[in-house]
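Student:
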Amino acid sequence: MNIRVILCERCGPCKILGPRLENVMKSYMNSVLLAKVDVDQLDTVAEKYKIKVVPTVISIKNGKEIERFEGAKEEEFIRRKIEYVLAHNG
1 MNIRVILCER CGPCKILGPR LENVMKSYMN SVLLAKVDVD QLDTVAEKYK IKVVPTVISI
61 KNGKEIERFE GAKEEEFIRR KIEYVLAHNG
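Quick note: the sequence shown uses the UniProt record's numbering, first residue 1, plus one each step.
#1: Helix, strand or coil for L42? Go by DSSP, reduced to three states.
#2: Quick check on the DSSP output: the beta strand (DSSP E) that includes I60 runs from which residue to which?
#3: Would you call S27 buried or exposed, if buried means 16 or more other Cβ atoms sit within 10 Å of its Cβ?
#4: Residues in the same chain with beta-carbon distance under 8 Å from G71, minus the five sequence neighbours each way, listed in chain order, please.
#5: Per DSSP, R68 forms a beta bridge with which residues?
#6: The beta strand (DSSP E) with V5 in it runs from where to where?
#7: Terminal residues of the continuous alpha helix (DSSP H) containing C14?
#8: For the alpha helix (DSSP H) that contains I78, what are its first and last residues?
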């Protein structure tokens, strides 16, 4: 499974989410691939995933979106989302 983080370098909430997400992801390095995408650099990604808010975090498996959340969430929220996705989508 991979997780795509759609963000914008100049976005305040994106700057808050980044370190939180990276900290949580340390526990999942062997099971989840994290990819950050800056919408200012790749605006086609925002169109493809119908991004309305940054940051948006999308969990993808086999090319299909299985979960998403928006905003600068706390580490525990992020951890729960990842655990849910892994438990229900392997």
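Glycine is no exception: its CB is placed at the ideal position from the N, C-alpha and C atoms. Model, not experiment: these values are computed from the prediction.
Tutor: Let's see:
#1: It is coil, neither helix nor strand.
#2: Taken as a continuous stretch (DSSP letters only), the beta strand (DSSP E) holding I60 covers 56-61.
#3: Exposed is the call here.
#4: Contacts found: P13, L17, V53, P55.
#5: I58
#6: 2-7
#7: For C14, the enclosing alpha helix (DSSP H) starts and ends at 12-25.
#8: Element bounds for I78: 75-89.
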